[in-house]
Amino acid sequence: MKKVSLFLSEVFFCITAVFAVTSSGRASEIMNDFYSGKAVNIAEAAALVETSACGTDLNEYIKNCTVLSTLLVSDTDRTYVRLLTDFEKASRNKIYTSKNTETIALYAEYLYSKLSWEKSSFTIIEQLPVWYAKNVLLNNDKKSLLDMAVWYISAANDTTLLWNSFIKKQEYLIDDLDLSDIDRFNYYLSYSIFYMKMPDTKKGLSYLARAEQLFPDSIQAEIIEENYKRGRFGW
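This is the structure:
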């Protein structure tokens, strides 16, 4: 009986591990399709969240929730918002007490993804630097320094000299760190906006061009470019 129990545990572990790899791969594919301007199925993203909610991999759960949150356009999609609310309630204690670099960074990325549809976005804006600072203090995480710089970019202008100095100091990390194309794309857009506000049009447009090279059909880059034509330096 003990051998059977051990065998079943091993089988369950293998199935869980295979799902984690498959889920992670599919979540990445959905995000790449989204940034590439391709059609994506939000119901499939929701299914990944539901399945990972039953698993033991917290980081995988956060990643899948970030994908779903990224695809949301408003908080009126109550079924999908409920899945994210359930995730936050179920995982809050584990995340808030975690000292794991990846977990902290992933949760901050999840929070950032909510800014486009969450009505109480000011609360998120207040939380983000706390998570970035936590990762820097605990783990000396360079990516969190870059994320902090992006957080400052939203309010920076040609008069915020101290902020601008900090933002420029982290700039080298965009090409120095081992980043995904999606992360690098988003950093390029953020620094494009920053330099357009300085104003340093040449450098701002250069970063926009680099972003477009990564994802030529991205709707995000298109929106930014159209806003520049209207004299609006941001979203």
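Read the sequence shown against the working numbering and you will find it ends at 382, with the numbers running on by one and no gaps. We treat Cβ as the ideally placed atom computed from N, Cα and C, and that holds for glycine.
{"Asked": "7 Å Cβ shell around Phe-362 - same chain, five flanking residues per side excluded", "Found": "Tyr-182, Ser-183, Phe-332 and Ala-368"}
{"Asked": "Cβ neighbours of Ser-291 in the same chain (closer than 7 Å, five flanking residues each side left out)", "Found": "Ala-252, Tyr-279, Asn-282 and Val-283"}
{"Asked": "Span of the alpha helix (DSSP H) around Tyr-89", "Found": "Outside the shown range of the chain, which is 148 to 382, sits residue 89, and nothing can be said about it."}
{"Asked": "Lys-210, buried or exposed, once every other Cβ within 10 Å from all chains shown has been counted against 16", "Found": "buried"}
{"Asked": "Stretch pair the segment 305 to 319 + the segment 339 to 354: three plus CB contacts closer than 8 Å", "Found": "yes"}
{"Asked": "Chain-order list of residues whose beta-carbon lies under 7 Å from that of Gln-384 (same chain, five-residue window excluded)", "Found": "Because the chain is modelled from 148 through 382, residue 384 falls outside the range shown and cannot be assessed."}
{"Asked": "Range of the contiguous alpha helix (DSSP H) that encloses Leu-277", "Found": "Looking at the sequence itself, residue 277 is Val, so the reference to Leu does not match. First-last of the alpha helix (DSSP H) with Val-277: 268 to 286."}
{"Asked": "Residue burial classification, Tyr-335 (beta-carbon count within 10 angstroms, cutoff 16)", "Found": "buried"}
{"Asked": "Of the residues Ser-263, Asn-286, Ser-339 and Ser-245, the one placed nearest Thr-223, counting alpha carbons only", "Found": "Ser-263"}
{"Asked": "Check whether Val-196 and Leu-215 have beta carbons under 7 Å apart", "Found": "yes"}
{"Asked": "Beta strand (DSSP E) runs wholly inside the segment 324 to 368, at least 3 long, in chain order", "Found": "none"}
{"Asked": "Beta-carbon proximity of Pro-276 to Trp-310, cut-off 7 Å", "Found": "no"}
{"Asked": "Where Ala-237 falls, given that 16 or more other Cβ within 10 Å makes a residue buried", "Found": "exposed"}
{"Asked": "Extent of the continuous alpha helix (DSSP H) run through Trp-264", "Found": "Taken as a continuous stretch (DSSP letters only), Trp-264 belongs to no alpha helix (DSSP H), as it is neither H nor E."}
{"Asked": "7 Å CB neighbourhood of Glu-373 in its chain, flanking five on each side removed", "Found": "none"}
{"Asked": "For Ala-174 and Asp-364, the rounded distance between their alpha carbons", "Found": "20 Å"}
{"Asked": "Beta-carbon gap between Leu-355 and Ser-339 smaller than 7 Å", "Found": "yes"}
{"Asked": "Closest residue to Ser-245 among Ala-358, Lys-266, Leu-205 and Met-295 (Cα-Cα distance)", "Found": "Leu-205"}
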